[in-house]
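2 protein chains.
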Amino acid sequence: MKEFNIKTPHLIDGTPEEKRQEILDYFHRTFDLDTELYETVKDDATFYMRADHLRHPIIFYYGHTSCFFINKLVLAGLLPSHINPSFESIFAIGVDEMSWDDLNKENYAWPSVSEVREYREVVRTTIAKLIEELPLELPINWESPFWTIIMGIEHQNIHIETSSVLIRQLPVEKLQSGLFSNICKEDEPVIANELVAVEGSEVNMGKPHNHPLYGWDLEYGSFLETVDDFKASKYLVSNAEFFEFIENDGYKDKQWWTEEGWSWCTYKKAEHPQFWIKENETYKLRLMTEFVPMKWSFPAEINYLEAKAFCNWKSAKTGKKLRMPTESEWYRLVEVSQVKEATDWDVAPGNINLEHYSSSCPVNTFSFGDFYDVIGNVWQWTETPITGYPGFKVHPLYDDFSTPTFDGKHNIIKGGSWISTGNEATLHARYSFRRHFYQHVGFRYVESNHEPDIRVDSYVTDEEVAISCEQNYGESYLGMSKLPLQVLDILKKYVENSSGKRLLDLNCDTGRLAFEAASHFKEVTAIDTSARFIQPAIELQKNGLLRYVIKDEGELSIFKDVLLKDLKLNDNHSRIQFMQDDATKLKDRYTNYDVIVAMNLLEEIRKPKEFLSKIHQRLNADGLLILGSTYEYKESVSQIDNWIGGFKKDGEPIRSIDGISQVLSEHFTQESNPFNLTYPVRKSSRHFEVMSSEVSIWRRKM
Amino acid sequence: MKEFNIKTPHLIDGTPEEKRQEILDYFHRTFDLDTELYETVKDDATFYMRADHLRHPIIFYYGHTSCFFINKLVLAGLLPSHINPSFESIFAIGVDEMSWDDLNKENYAWPSVSEVREYREVVRTTIAKLIEELPLELPINWESPFWTIIMGIEHQNIHIETSSVLIRQLPVEKLQSGLFSNICKEDEPVIANELVAVEGSEVNMGKPHNHPLYGWDLEYGSFLETVDDFKASKYLVSNAEFFEFIENDGYKDKQWWTEEGWSWCTYKKAEHPQFWIKENETYKLRLMTEFVPMKWSFPAEINYLEAKAFCNWKSAKTGKKLRMPTESEWYRLVEVSQVKEATDWDVAPGNINLEHYSSSCPVNTFSFGDFYDVIGNVWQWTETPITGYPGFKVHPLYDDFSTPTFDGKHNIIKGGSWISTGNEATLHARYSFRRHFYQHVGFRYVESNHEPDIRVDSYVTDEEVAISCEQNYGESYLGMSKLPLQVLDILKKYVENSSGKRLLDLNCDTGRLAFEAASHFKEVTAIDTSARFIQPAIELQKNGLLRYVIKDEGELSIFKDVLLKDLKLNDNHSRIQFMQDDATKLKDRYTNYDVIVAMNLLEEIRKPKEFLSKIHQRLNADGLLILGSTYEYKESVSQIDNWIGGFKKDGEPIRSIDGISQVLSEHFTQESNPFNLTYPVRKSSRHFEVMSSEVSIWRRKM
């Protein structure tokens, strides 16, 4: 199938007209391949079958890739209007596994195959015309019109692979191999696997935005991880090697399985990999369009949960700590194996890009130095749940490509399979699936004492907390400075020789003030009552990264990535101790501070008056108390009897500042006249709260 | 009792040192009089009796006036601290009639009389010292320290009178007349009353802030009312004249009473005025400290409800339309009677200021031209519920003196009584009581065909509506222009020849844009769905005045008065038609407009999409639609299916502006690129919302 030889275009080199032609060619090759794939389905009726009972019928995927092109081009403003609004609606959503609920609600009137075929051709013509007419400047980047074109092509590449898996689940009698007849005939009964040492190293992952190849948004960024020495299996785990696990009753023994895995295994009543067919104590193997006798030397195609159970079983059996590699360990394998980028090879060095087989092949077929199948043959599960690299930014034209998978439940697969083309065949490609999901994916095991540091870096979606994150770390709004920065200015103005002093922040919220103050103070204790609010601060201190989702317009969202280093706050953050604690019931150890900041605390606690009457105990003589409040007491939090002001007493109005003075004057002198800090709180793109806190500064009497 | 001759000081004339001495003298005279009043109570035990079962015992009032002085001086910052915090709390609140609930909760440990007496003397010494030491500049105005001093003195003057009424309700055997023994002995059986014509005129009420006499906040302002010709009774209604009503079974006949009056009459089982004592078919009259045989020529002292029933009965009997005078008619009587201001007389021209009697006297004793007792003898009920004059401002040191009575339930009394001194004896004095309340108050009746135009002008207290009032008519905040003024600027920019055009404002809220637009357009129709919101606009159009209460800090409030004329919006407001109506179900008559403004409407209606698809029907060809929205749809208002944008459709984000374009493009062309209006909404003194509305402008196709 060399005629499809589909390589993602170089976005920098060449002349615009060469590039235009190259992209047009790339578009047609991909479209042709996609069309050929569906030629394996013999009759129209089969298009309406569900390959998987939780997925749409094949007809959906047949229409989907073309409809995606049009929807994205309309969104990008490159097409003035839809071509077939009805098709572009029904073929738009539902790529993934659905829940039972969604299926019950579903009541689609699918168009005929010929209608969809015609539609596909109209789309093909439309896009080809656009490719010929759109302005093209090099390099092509995120903002280029051609980014949308390539996005559509790469999207089609993905679906060529995922639809091949769906087709693999249709009855063979409904299929014909067509152009996909070049299945690998080789086999041998046993290939003895072995562990090969890999020297540890620092691995830098993620690609820069000026990288010459198209990437999905989650491929960009830069993330350095230190990989310890480890050993990796020379081959992917073959069906033969995996069969030992089955023979050892691995599918019946809970001890090898994770909780998630066991739950899946018992629910599915699984006894062997999905594409194995057991007949009379022998096994057949299901390939895309046909059954063959079990190919024992082909890689075992399993989901992550099965692979993990195998590793646990094999660890016990061998006395070695075995697991799958992390994403960085896979990159280390790529490095030591000197694997070339797809665009740099003449012939694929592995079973990939449809350049060799239309099936997988024995695990000892394609060597890369000491290892086999570092790329190609089947994808390889990693231990790493997917997330964006620090600094991740959503591509605005496909804002839900990545973020829905950043949930700790989707593990990364690497390396590509025999049918992976275009972006899928590049080294930066990082796709992920739910751990119970089937694709053309196998695994390699590694031996390592290093417990993988699994970071999920999921997004703060708790609306109140995310609002606080944006208030602390996000943009400036309405031309007003952020509250924590305004408080920092107060600290700079009123605290002398701060570098020798200890600061207590009694309402640290998501922590910006603490991070800022850490550069000026010897020690910062930052307390918040709420675990919800302090958690992001702790994550930021630990990982240097904070992610949250804020409201845009209506139901639309904006995803935000904050890096401590971008804020130049990564040098002194170890001086901060973040603690979830109740500012009104402080443990004894919180004492001997030189400065206490209590911003907007009085309105959040049950007994503000009592708090003020005791706070001097935490402060060194001559220490400063910086008190700020909106005085927006809520009766749900504190009864009016406990308020410090803002009510009438004996018929006369008591302002809070007077109430504060009254309580504090015993132990404090007032350092300045009270003044106001005014600052915005973003609720959505068109809705802000602007609060004004009155600040008073008090010096503890000597 | 000439030794008390208590006249409120002139605040402008004289030298500071003369004035200081005059005020010191005024203070001591008032304090002495107050002290003498309580000398009428024979023994200490009586101080703990309740004269009225819904009022505090006498001891409260004995302590209250001194405590008031201290509390106000502390509030004003003229005293550094309280003298006796306990006294200044228990004697602070509870002047007025309480509800049963309050009394049940009450559990006061009242101090002894001698303790209170000592406290009073400490206060007297403290204040005298303050009067000698405080800076004094002339003129004395609202901001002067001496305003607080005079406020305390005038407050004491009020309580001298109101306590005299409470003492009048104590058992006579517990009392002695002391200095108040000069009761009027005169009487005669019948004084034939008659109606005397008064020529109508314009009457200007309210005094300016530079007036030379102290006034309570509700005396200030300027309010012009046209008084029609009327006739007024020559005398106040005497006990003899009122007795005819009793003899005619007036207290038993519901037809003469207002609903409120009959409710009171039956609840109290009233058969005659409160201070009449019926014994063996004869009547005695209770004076302050003693009983006397009925004084038939003294003015009948009744509450408003009894007076009103009398007028209704007498109207029926005489065939004349009789009622009490309005406040302006009383002023007209003052004018035609050429009554002098208290500070301008050598000897009081009426039974007032304790200059003649310590009781009332026959209604034919003091003549003022054609009429008797225009001032003095007893106060006179008016038909007018009290409210501030337009432009009313609360005095910050006594912010609940007036506003709690602006409820339509408190009627004004005018003219003063035999014991009215200081401010009470001035022509601008305007006190009010609940209509069922007893004081030294009688009445005069007038004959008039003019139905009094009773304006309550109560405060908008509905929080949401008041927030809108402030957004429309209040101050500017955060350096941002108000939304309606920003929209006006758009109208000015985009609408040519507006003076011949018709404008439809589809979400007029509390109406500012409509008032502004009225100066530019031929006709303005201003619609709002909510009666709550449009009501203030309608009131403003009718009366030129709008009152509302906004949140300050905590539970504290700020009272606001808005005058159409201050905003220079009083010339063209008749061009506006305010209508409560549903913008999504517009009646047929709302059509042929040249300009339609729909600001922040889409987010408030159930079916924004449907609304947009029909709005062209209301607009002339070439007419403009000005559309603005925050797109802050709420699922409680409209289901997401009806939204115009802000959601994903077929997986792609639909922004509202695109949804709008899609619907409107059939009948409209877009006049400009969409732009944002950003504006503040004040929630409290320290809390604002800042909203950003996207505005798009559309021209209806010809």
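Sequence lines, in order, name chains A and B.
Just so we're on the same page, the numbering used here is the position in the first sequence counted from 1, plus 6.
Just so we're on the same page, the numbering used here is the position in the second sequence counted from 1, plus 6.
Even glycine gets a Cβ: it sits at the ideal position worked out from N, Cα and C.
Because the structure is a prediction, the values reported are computed rather than measured.
(message) So the candidates are A/Ile252, A/Arg595 and A/Ala523; which of them puts its Cα closest to the Cα of A/Leu625?
(response) Within the first sequence, the letter at position 619 stands for residue 625 of chain A. That would be A/Arg595, whose Cα lies nearest to the Cα of A/Leu625.
(request) For B/Pro490, return the contacting residues in chain D, with the cut-off set at a CB-CB distance below 8 Å. (result) This model lacks chain D altogether; the protein chains it does include are A and B.
(message) Quick check: the Cα distance between A/Asp459 and A/Gly158, rounded to an integer number of angstroms?
(response) Along the first sequence, one-based indexing puts residue 459 of chain A at 453. Along the first sequence, one-based indexing puts residue 158 of chain A at 152. For A/Asp459 and A/Gly158, the distance between alpha carbons rounds to 35 Å.
(request) Assign A/Pro410 to one of three DSSP states: helix, strand, or coil. (result) Counting from one through the first sequence, the residue named residue 410 of chain A turns up at place 404. A/Pro410 falls in the helix class under three-state DSSP.
(request) Return helix, strand or coil for B/His416, following the three-state DSSP convention. (result) Translated into positions along the second sequence, residue 416 of chain B becomes position 410. Strand.
(message) Please state the DSSP three-state secondary structure of B/Gln583.
(response) By 1-based counting over the second sequence, the position of residue 583 of chain B is 577. Note: B/Gln583 maps to strand in three-state DSSP.
(request) Residues of the region 657-681 of chain B with a CB closer than 7 Å to any CB of chain A: list them in chain order, please. (result) Gly657, Glu658, Pro659, Arg661 and Ser662
(request) Compute the Euclidean distance between the alpha carbons of B/Val340 and B/His442, then round it to the nearest angstrom. (result) One-based indexing of the second sequence puts residue 340 of chain B at position 334. One-based indexing of the second sequence puts residue 442 of chain B at position 436. Taking the straight line joining both Cα atoms gives about 26 Å.
(request) Tell me A/Ser699's beta-bridge partners as DSSP assigns them. (result) The residue labelled residue 699 of chain A in the question sits at position 693 within the first sequence. In the DSSP output, where bridge partners are listed per residue, A/Ser699 has A/Leu683.
(request) Could you tell me which residues DSSP puts in a beta bridge with A/Met486? (result) For the purposes of this step, residue 486 of chain A is identified with residue 480 of the first sequence, where counting begins at 1. According to DSSP, A/Met486 bridges with A/Tyr483.
(request) In the DSSP assignment, find the alpha helix (DSSP H) that holds A/Val669 and state where it starts and stops. (result) On the first sequence, residue 669 of chain A is found 663 positions in, with the first residue counted as 1. Residues Ser662 to Leu670.
(request) State yes or no: is the beta carbon of B/Ala472 nearer than 7 Å to at least one beta carbon in chain A? (result) By one-based count along the second sequence, residue 472 of chain B stands at place 466. It does not; no Cβ of chain A falls within 7 Å.
(request) Give every residue of the same chain whose Cβ lies closer than 6 Å to the Cβ of B/Ser87, excluding the five residues on either side of it in the sequence, and list them in chain order. (result) In the second sequence, residue 87 of chain B corresponds to position 81, counting from 1. If we look at B/Ser87 and ignore the five residues flanking it on each side, it has no Cβ neighbours.
(request) Kindly list, in the order they appear in chain A, the residues whose Cβ is closer than 9 Å to that of B/His693. (result) Here residue 693 of chain B corresponds to residue number 687 of the second sequence, with the count starting at 1. Correct list: Thr636, Glu638, Glu695, Val696, Met697 and Ser698.
(message) According to DSSP, simplified to helix, strand and coil, what is B/Lys689?
(response) To locate residue 689 of chain B, count along the second sequence from 1; it is residue 683. Strand.
(message) Cutting at 7 Å between CB atoms, please list the residues of its own chain near B/Phe711, excluding the five before and the five after it.
(response) Residue 711 of chain B lies beyond the stretch modelled for chain B, which goes from 7 to 708, so this question has no answer here.
(request) Following the continuous alpha helix (DSSP H) through A/Lys323, name the residue where it begins and the one where it ends. (result) Along the first sequence, read from residue 1 onward, the residue named residue 323 of chain A stands at position 317. Its alpha helix (DSSP H) spans residues Tyr310 to Thr324.
(message) Taking beta-carbon pairs under 8 Å, can you tell me which members of the region 398-430 of chain A lie near chain B?
(response) Asp405 and Asp406
(message) Run through chain A and tell me which residues come within less than 8 Å of B/Asn77, C-beta to C-beta.
(response) On the second sequence, residue 77 of chain B is found 71 positions in, with the first residue counted as 1. What B/Asn77 touches in chain A: Asp656, Gly657 and Glu658.
(request) Determine, using beta-carbon pairs with one atom in the region 533-542 of chain A and one in the region 497-517 of chain A, whether at least three such pairs fall under 8 Å. (result) yes
(message) How far does the beta strand (DSSP E) with A/Lys284 in it extend, from its first residue to its last?
(response) As a position in the first sequence, residue 284 of chain A is number 278, starting the count at 1. Looking at the DSSP string, the run of the beta strand (DSSP E) that includes A/Lys284 is Trp282 to Glu285.
(message) Please report the straight-line C-alpha distance between B/His3 and B/Gln445, rounded to a whole angstrom.
(response) Residue 3 of chain B cannot be examined here, being either before or after the span of chain B that is shown, 7 to 708.
(message) Is it buried or exposed, A/Ile621, if we count other Cβ atoms within 10 angstroms and call 16 or more buried?
(response) Here the question's residue 621 of chain A lines up with position 615 in the first sequence. Label assigned to A/Ile621: buried.
(message) Taking 7 Å as the threshold (beta carbon to beta carbon), is B/Phe66 in contact with chain A?
(response) Taking the first residue of the second sequence as position 1, residue 66 of chain B is located at position 60. No, its Cβ sits nowhere closer than 7 Å to a Cβ of chain A.
(message) If you follow the alpha helix (DSSP H) that B/Trp153 is in, where does it begin and where does it stop?
(response) Indexing the second sequence from 1 puts residue 153 of chain B at position 147. Unbroken alpha helix (DSSP H) run through B/Trp153: Pro151 to Ile173.
(request) Note down, in chain order, every chain B residue with its Cβ under 8 Å from the Cβ of A/Glu559. (result) The residue labelled residue 559 of chain A in the question sits at position 553 within the first sequence. The contacting residues are Tyr637, Gly651, Gly652, Arg661 and Ser662.
(request) Assign A/Ser364 to buried or exposed, taking buried as 16 or more other Cβ atoms, counted over all protein chains shown, within 10 Å of its Cβ. (result) The residue given as residue 364 of chain A occupies position 358 in the first sequence. Buried.
(request) Give the range of the alpha helix (DSSP H) segment to which B/Leu546 is assigned. (result) For the purposes of this step, residue 546 of chain B is taken as residue 540 along the second sequence, with counting starting at 1. Element bounds for B/Leu546: Ala537 to Asn549.
(message) In the DSSP output, which residue or residues are listed as bridge partners for A/Ile556?
(response) Position 550 of the first sequence, counted from the first residue, corresponds to residue 556 of chain A. A/Ile564, per the DSSP bridge assignment.
(request) Mind listing the chain B neighbours of A/Ala98? Cutoff is C-beta to C-beta under 9 Å, in chain order. (result) Position 92 of the first sequence, counting from 1, holds the residue named residue 98 of chain A. Those within 9 Å of A/Ala98 in chain B are Lys655, Asp656, Gly657 and Glu658.
(request) Output yes if chain B places a C-beta closer than 7 Å to the C-beta of A/Ser95; else output no. (result) To locate residue 95 of chain A, count along the first sequence from 1; it is residue 89. Closer than 7 Å to some Cβ of chain B, the Cβ of A/Ser95 qualifies, so yes.
(request) Flag A/Lys320 as yes when its Cβ comes closer than 6 Å to any non-hydrogen atom of the ligand MG, and as no otherwise. (result) In the structure on display, the ligand MG does not appear, and there are no ligands present to speak of.
(message) Just to make sure I have the definition right: I need the residues of chain A whose C-beta is within less than 8 Å of the C-beta of B/Pro145. Which are they?
(response) Walking along the second sequence from the start, residue 145 of chain B turns up at place 139. By Cβ distance, chain A contributes nothing, its closest Cβ being about 26 Å from B/Pro145, past 8 Å.
(message) Could you check whether A/Pro391 and A/Val462 sit closer than 7 Å to each other, using their CB atoms as the reference points?
(response) Here residue 462 of chain A refers to the residue found at position 456 when the first sequence is read from its first residue. Here residue 391 of chain A refers to the residue found at position 385 when the first sequence is read from its first residue. The answer is yes: Cβ separation under 7 Å.
(message) Using the three-state DSSP reduction, which class does B/Ile65 fall into: helix, strand or coil?
(response) Here residue 65 of chain B is taken as the residue at index 59 of the second sequence, counted from 1. Looking at B/Ile65 - three-state DSSP - the assignment turns out to be helix.
(request) Please check the pair B/Asn245 and B/Lys290, which I expect to be a contact at CB under 8 Å, by giving their CB distance rounded to whole angstroms. (result) In the second sequence, residue 245 of chain B corresponds to position 239, counting from 1. In the second sequence, residue 290 of chain B corresponds to position 284, counting from 1. B/Asn245 to B/Lys290, Cβ: 11 Å. No contact.
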